[in-house]
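Protein chains: 2
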Amino acid sequence: MNKTFVQTIFARRSIRKYTDEAVSQENIQTLLEAAMAAPSASNRKPWQFVVVTKRETLDLLAEQHPHGKMLADATLGIAVCGDLTEMERYWVQDCSAATENLLLAATALGLGAVWLGVYPRDERIAVVRDILALPEHITPLNVIAIGHPAEEKEPRTQYDEARVHWERW
Amino acid sequence: MNKTFVQTIFARRSIRKYTDEAVSQENIQTLLEAAMAAPSASNRKPWQFVVVTKRETLDLLAEQHPHGKMLADATLGIAVCGDLTEMERYWVQDCSAATENLLLAATALGLGAVWLGVYPRDERIAVVRDILALPEHITPLNVIAIGHPAEEKEPRTQYDEARVHWERW
């Protein structure tokens with residue numbers, strides 16, 4: 027392993043502007059492989075992914091998600107969803123770890139992405155469920171807007187020593 | 027960016043055996059900086075970290091967490107906790123993303139780590155709260171056992187095309 031890989035973690039920023047260049051099928055595949063390399067409780071892998079590249083569907087999501095405007099520019103959207111029949115207790119944690127892997131892989135591939143929260147807001151869940159035709163046992167955790175970046179942000183950490191406690195609180 | 031960072035994502039495995047070499051202060055700092063580079067809803071950063079290196083505390087956690095045996099060998103434990111006064115709706119997602127960053131940074135640094143689930147199991151929350159003296163508004167999401175690895179695992183993804191849906195469910 028290489029210590030400089032940690033730099034990718036700092037380079038991951040929320041990117042909300044994209045060019046109109048499509049994300050390649052090879053890159054989509056890598057994003058999904060990275061997401062499904064995340065750990066999950068008892069290795070139950072309660073995740074499901076809906077990959078959206080159709081302009082019409084991305085525009086619908088952009089209109090109906092209250093903070094989803096950038097989906098109208100994104101060439102790719104991926105909804106990370108939980109299968110609650112697979113794992114009810116830890117699905118949010120498992121799907122969040124998978125999402126973070128996906129965002130970091132996007133950064134490593136030179137793509138830009140932003141995490142749009144859906145769960146636990148009922149009205150957002152209903153909208154995404156409707157647009158993506160999700161069955162009742164599948165709950166959308168988020169929609170990730172992805173594209174080739176048309177904005178740059180500096181790498182950073184938001185490290186704050188006030189949030190670190192040594193040996194006990 | 028470096029496409030090979032994606033390899034770090036595949037190289038991250040749950041490592042449960044460690045040597046007795048301590049994790050350096052510099053590496054602990056990097057792990058925390060990586061964790062606090064995660065995205066969070068409305069950038070509220072509802073995370074708090076308790077860093078444990080004392081043998082006695084690690085042994086107590088090992089005894090009292092039902093799957094925590096490996097903490098008796100780990101030279102470092104980090105409890106990732108949520109501050110529910112900061113963000114009630116999304117704290118689990120935000121703290122899970124921070125945890126995944128921490129695990130990936132550990133991999134990049136040549137360390138081994140494993141995520142031990144705590145929240146939402148009340149009995150585990152009570153045990154960790156008690157040992158680490160957490161106040162009522164702080165909820166432990168997990169305890170991460172960390173050390174220099176004494177076992178090797180192959181990189182992998184658990185990619186499964188049955189979990190990928192194109193354009194809609």
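Chain order of the listed sequences is A and B.
So the mapping is simple: my numbering equals the position in the first sequence, first residue as 1, plus 26.
So the mapping is simple: my numbering equals the position in the second sequence, first residue as 1, plus 26.
For glycine and all other residues, C-beta sits at the position ideal for the given N, C-alpha and C.
Check the Cβ of residue i against every Cβ in chain A and list those closer than 8 Å, keeping chain order.
{"i": "B/Met62", "result": "Thr183, Gln184, Tyr185, Asp186, Arg189"}
{"i": "B/Ala67", "result": "Gly143"}
What did DSSP end up calling residue i once you bin it into helix, strand or coil?
{"i": "A/Leu57", "result": "helix"}
{"i": "A/Val140", "result": "strand"}
{"i": "A/Asn195", "result": "Sequence inspection shows Trp at residue 195 of chain A; the Asn mentioned does not correspond to that position. The answer is coil: DSSP assigns A/Trp195 none of H, G, I, E or B."}
{"i": "B/Asp109", "result": "strand"}
{"i": "B/Val49", "result": "coil"}
{"i": "A/Ala159", "result": "coil"}
{"i": "B/Gln184", "result": "coil"}
{"i": "B/Thr79", "result": "coil"}
{"i": "A/Ile35", "result": "helix"}
{"i": "B/Ser40", "result": "strand"}
{"i": "B/Leu102", "result": "strand"}
{"i": "B/Leu135", "result": "coil"}
For residue i, which residues in chain A fall below 9 Å Cβ to Cβ?
{"i": "B/Val77", "result": "Val190, His191, Trp192, Glu193"}
{"i": "B/Arg115", "result": "Gly143, Pro146, Arg147"}
{"i": "B/Pro161", "result": "Trp195"}
{"i": "B/Leu158", "result": "His191, Glu193, Arg194, Trp195"}
Just to check my reading of the structure: residue i and residue j have Cβ atoms closer than 8 Å, yes? What is that Cβ distance to the nearest angstrom?
{"i": "A/Lys43", "j": "A/Asp85", "result": "So it is not a contact: roughly 16 Å between Cβ atoms."}
{"i": "A/Ala123", "j": "B/Ser122", "result": "5 Å"}
{"i": "B/Ile41", "j": "B/Ala139", "result": "6 Å"}
{"i": "A/Leu6", "j": "A/Val76", "result": "As displayed, chain A neither begins before 27 nor continues past 195, which places residue 6 of chain A out of reach and without an answer."}
{"i": "B/Thr101", "j": "B/Glu47", "result": "7 Å"}
{"i": "A/Arg38", "j": "A/Leu130", "result": "5 Å"}
{"i": "A/Thr183", "j": "A/Phe31", "result": "With a Cβ gap of about 15 Å, A/Thr183 and A/Phe31 do not count as contacting."}
{"i": "A/Gln74", "j": "A/Ile164", "result": "6 Å"}
{"i": "A/Asn53", "j": "A/Leu110", "result": "About 30 Å; that fails the 8 Å criterion."}
{"i": "A/His91", "j": "A/Leu142", "result": "6 Å"}
{"i": "A/Ala176", "j": "A/Thr45", "result": "5 Å"}
What residues from chain A crowd round residue i, counting only those whose CB sits closer than 7 Å?
{"i": "B/Ile35", "result": "Ala60, Ala63, Asn127, Leu130, Ala131"}
Strictly under 8 Å for the Cβ-Cβ distance: is residue i near chain D by that measure?
{"i": "B/Thr83", "result": "Chain labels in this structure do not include chain D; the protein chains are A and B."}
Determine the chain B residues that contact residue i at a beta-carbon separation under 9 Å, and present them in chain order.
{"i": "A/Val118", "result": "Val118, Gln119, Ser122"}
Residue i versus chain B: which residues are under 8 Å apart at the beta carbon?
{"i": "A/Lys179", "result": "Within 8 Å Cβ-Cβ: nothing; A/Lys179 doesn't reach chain B, min ~12 Å."}
Cβ pair count under 8 Å reaching 3, the stretch 166-176 of chain A against the stretch 94-112 of chain A: With three or more CB-CB distances shorter than 8 Å, the stretch 166-176 of chain A counts as touching the stretch 94-112 of chain A.
Validate contact between the stretch 181-192 of chain B and the stretch 54-61 of chain B using beta carbons, cut 8 Å, 3 pairs: Look at the beta carbons and you see the stretch 181-192 of chain B not touching the stretch 54-61 of chain B: under three pairs across the two are nearer than 8 Å.
Cβ contact check for the stretch 112-121 of chain A and the stretch 67-80 of chain A: 3 or more pairs under 8 Å: Contact between the stretch 112-121 of chain A and the stretch 67-80 of chain A is present, because at least three Cβ pairs lie under 8 Å.
Members of the stretch 39-51 of chain A near chain B, C-beta cut-off 8 Å: Correct list: Ser40.
Short-range partners of chain B found in the stretch 86-101 of chain A, where Cβ spacing is below 8 Å: Taking 8 Å as the Cβ-Cβ cut-off against chain B, none of the residues of the stretch 86-101 of chain A qualify.
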